[in-house]
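Down below is the structure, laid out as structure tokens.
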Amino acid sequence: MKTELRRFRIDPLVPCLAFAFAAFTSSAAAVLAQRLPGTENGEWRYLGGDAGHTRSSPLDQINAGNFASLEQAWLWRGDNFGPNLDYFSRSTPIYVDGMLYTVATPRRQVVAIDPATGETLWTFREPETERYLRSPRQAYGKGVAYAEVDGRGVIYITTPGFFLWALDAKTGLPLESWGAPVPLDGFSQTGVVDLIPDLVGDWGRWQEYIAGGGTYDPGHGIPRHLGMVTSSAPPIVVNGVVVVLVGHEPAYGQTRIENVPGDIMGFDARTGEHLWKFHVIPRPGELGHETWENDAWRFSGNMASWAPASADPELGLVYLVTNASTIQSYTGHRPGHNLFGGSVLALDVRTGERRWHFQIHHSDQWNYDLPTPPMLMDLMVDGRRIPGLIQYTKQGLIFAFNRETGEPIWPIVERPVMQTQVPGNYTAPTQPYPTRPEPADPIVLSGLTEEFVIDYTPELKREALEILSRFRVGGLYVPPLPIDHGNDYVNNVGCQGGGNVIPHPPVADPTTGMMYISHTRNCSAPSFMEPTGGVDVDDPNYATPQDGGATPNTTPTTGTTVAAWLPGSSGGGLPTIDGLRLWKLMDNQLSAFQMNTGERAWSLPVGETPDWIKNHPRLAGVDVHNSGGAGWSIQMVMGDLLVQTRALSQGGVLYEPDAPLELHARDKRTGEILSSVPLPAPGQYGMMTYMHQGKQYIVVQIGSIHANFPGSLVAFTLP
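Okay, here's the thing in structure tokens:
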């Protein structure tokens, strides 16, 4: 049975299309072959391979002709380094100067690995502190950064306790004459910077706290009544500056309206000296200050950068993305567009000054934080070479900019969106939508309309339309209703087309201008919201005696959400039809976009439709289209191949225990699987490749609490 996505696919069996596409990519390769630094000489110097975070490499010793001959070279066990409270690893190793580096376990222990054998060469672990124990992002470290200082390799790591370390790349020892002493037991007197004083020193709430007799305890960190801070993404080193990113407790899990702003900071890579700070919540006189109405800039915080950064060293720019401020599901206490939340930021790495920005969504209250780094590659658009920046979103939208100027490559329009009905809440009247490329899934433009309703049988379609007639249908940016909304419909319905792409980031091919994204379709009715009467409840899990029992500030109206469950609900507040969802399924899709034109090149399902759907009694005798299997697709570009596998585990559950665990070599022009080799466990998050002593290796992050090897790495090479 045909689905709406078939029109996006290029059939590789049609000679004229295949020839035209091959000819185009060959000519484009000649123009666009220049890459950002990071993958020269077989290395993988950045978390995303190159400084543009494309997760691609020109290496081609392993190719379509010999991929099936790959053998497992080694297996590195992450659980050898302590308990993996969250077995799901997000740390992609880097390979530089003949060694691999990554982090392991919730302690974010730095590990150097022999690239030929998988042997651990050295480890570094920060002494335990109370502020580490309070961190909600312990297990989410995504890796390390590297730079050469006076001819010496240095590894930089930001820890869950929010310290910055500089380690000798060969020994793992803290760098001499770097940073400043930390007065805590077990801490080295050099090689470390306590990041909190530089972060909060010019913050008004901190200055008031100190003026009122408060003191700073470096072991405890920021008193809880003021907020808390941690890190998720590693720093990035650009032109001798270490750019540090900030993390927080997720905004959707907070009841407080106040927190520490996640200001972005730069430090001297040679000395550890603090160089600059960019205010993510603008102060009076700074651009964007007027977007924080109700004086919300004084108390609002968070605005973290979960995702890693990318950079263009030649332009001297570092590119970052931000999430929402505190209380993500309600913004009545902070009306306005709230710059620089939900934004792409380009900062001068020497000064920290803003060169340009674009706000991807205004006043986020949907958990639409930007989860992936900006991807940088040069494009040829209408015969004009453009230094491109591509930002993929959870919503399934694709934004494209000139990374030097911030000018959109194709027009971006503001479209009216549903408005909140919760008393006192705020929603922006419009939100930005790219006109090109089209979204990963067109359902986000119209919502769950008849075009996308399940239609395996006429009866199923009739029942689905009848159910939806009781709801108000929208696309993106659908706000929750108050419990007593009084409308003649049950609830709003919204749809996403990207999914939580944090664990399945997009990749790109600078030689062809192609981008590859993993996406899924999901529709839901937002949970209802009820006022809390101004009560702002602190989280007792983080309360400690040092916090003094202080109470965070509150506003006259804050909101909280409650589940909007209905009989037969699928878990997103929408009923099902005997367990079948109301929309045409697209559970695991892999799409390729030619970013030189903004056109989709192909789109195909990954995995197979689960048996419980194919064998459903309501579908007897129906040829159910392949909607893709469980999990998500993870991939990288390598030479002429798109190397890809499925991540099948999440949240302690193995979705398909009998699914084949395979690493695929796909034709990057068509998506066709050319060859496969078995994996010892499901894939996780990402992969990388490098050339060591004349041999190319592929390293895949693997692990499952059920399939063993939590937070581990497996390496393949040719015999």
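Here the working numbering is used: the first residue of the sequence shown is 444, the next is one more, and so on.
We put the CB at the ideal spot given by N, CA and C, even for glycine.
In the DSSP output, what is residue i paired with across the bridge?
i	result
residue 623	The partner list for residue 623 (beta bridge, DSSP) is empty, contrary to what the question assumes.
residue 800	788
residue 1062	Paired residues: none, contrary to the question.
residue 847	None, per the DSSP bridge assignment.
residue 537	544
residue 835	841
residue 660	664
residue 776	In the DSSP output, where bridge partners are listed per residue, residue 776 has none listed.
residue 499	1080
residue 720	708
residue 823	828
residue 745	704
residue 818	833
So residue i and residue j are supposed to be a Cβ contact under 8 Å. How far apart are they, rounded?
i	j	result
residue 693	residue 687	Not confirmed; about 20 Å, so no contact.
residue 1135	residue 549	Actually they do not touch by this definition, with Cβ atoms about 29 Å apart.
residue 1078	residue 1086	6 Å
residue 920	residue 957	That pair is no contact at about 29 Å.
residue 761	residue 790	5 Å
residue 1025	residue 1017	6 Å
residue 845	residue 852	6 Å
residue 834	residue 813	7 Å
residue 940	residue 916	At roughly 15 Å, the Cβ-Cβ gap does not stay under 8 Å, so residue 940 and residue 916 are not in contact.
residue 1121	residue 514	Contact flag wrong, Cβ pair sits at about 11 Å.
residue 569	residue 521	Actually they are not in contact, since the Cβ atoms of residue 569 and residue 521 sit about 17 Å apart, beyond 8 Å.
residue 731	residue 782	3 Å
residue 499	residue 952	6 Å
residue 502	residue 1139	5 Å
Helix, strand or coil for residue i? Go by DSSP, reduced to three states.
i	result
residue 712	coil
residue 1138	strand
residue 734	helix
residue 926	coil
residue 1129	strand
residue 968	coil
residue 609	strand
residue 935	strand
residue 876	strand
residue 1152	strand
residue 630	coil
residue 581	helix
residue 504	coil
residue 647	helix
residue 1047	strand
residue 488	coil
residue 913	coil
residue 754	strand
residue 1053	coil
residue 901	helix
Using a Cβ-Cβ cutoff of less than 8 Å, which residues in the same chain neighbour residue i once the five nearest sequence positions on both sides are dropped?
i	result
residue 607	599, 600, 601, 622, 635, 636, 638, 678, 685, 687, 710, 715
residue 751	490, 491, 496, 585, 586, 676, 677, 679, 688, 816
residue 903	897, 1020, 1023, 1061
residue 471	Low confidence applies here, because residue 471 scores a pLDDT of 43, under 50, leaving its location unreliable; read the following figure in that light. Within the same chain, residue 471 has close Cβ partners 823, 954, 955, 956, 1039.
Looking only at its chain, what residues have a beta carbon closer than 6 Å to the beta carbon of residue i, apart from the 5 residues adjacent to it on each side?
i	result
residue 573	662, 663
residue 511	1118
residue 1109	1085, 1087, 1116
residue 649	643
residue 567	553, 610, 615
residue 739	777
residue 961	947, 1033, 1075, 1076
residue 832	817, 819, 844, 846
residue 438	Outside the displayed range of the chain (444 to 1162) lies residue 438, so it cannot be described from this structure.
residue 792	681, 682, 684, 759, 761
residue 486	538, 539
residue 480	494
residue 1141	1132, 1159
residue 842	834, 877
Between residue i and the ligand MG, is the CB less than 7 Å from at least one heavy atom?
i	result
residue 920	The ligand MG is not among the ligands present in this structure, which contains no ligands whatsoever.
Who are the near neighbours of residue i in its chain, counting only those whose CB is closer than 7 Å to its CB and skipping five residues on each side?
i	result
residue 1037	956, 957, 1044
residue 1070	1028, 1029, 1030, 1048, 1052
residue 1099	1072, 1073, 1091
Q. Touching or not, the region 822-834 and the region 932-940, by the rule of three or more beta carbon pairs under 8 Å?
A. With fewer than three CB-CB distances shorter than 8 Å, the region 822-834 does not count as touching the region 932-940.
Q) Between the region 649-660 and the region 761-779, do at least 3 Cβ pairs fall closer than 8 Å? A) No: the two stretches stay apart, fewer than three of their Cβ pairs being nearer than 8 Å.
Q.
Assess contact between the region 865-873 and the region 894-903, defined as three or more Cβ pairs (one per stretch) separated by less than 8 Å. Is contact present?
A. The region 865-873, when compared against the region 894-903, does not touch it at the 8 Å Cβ threshold.
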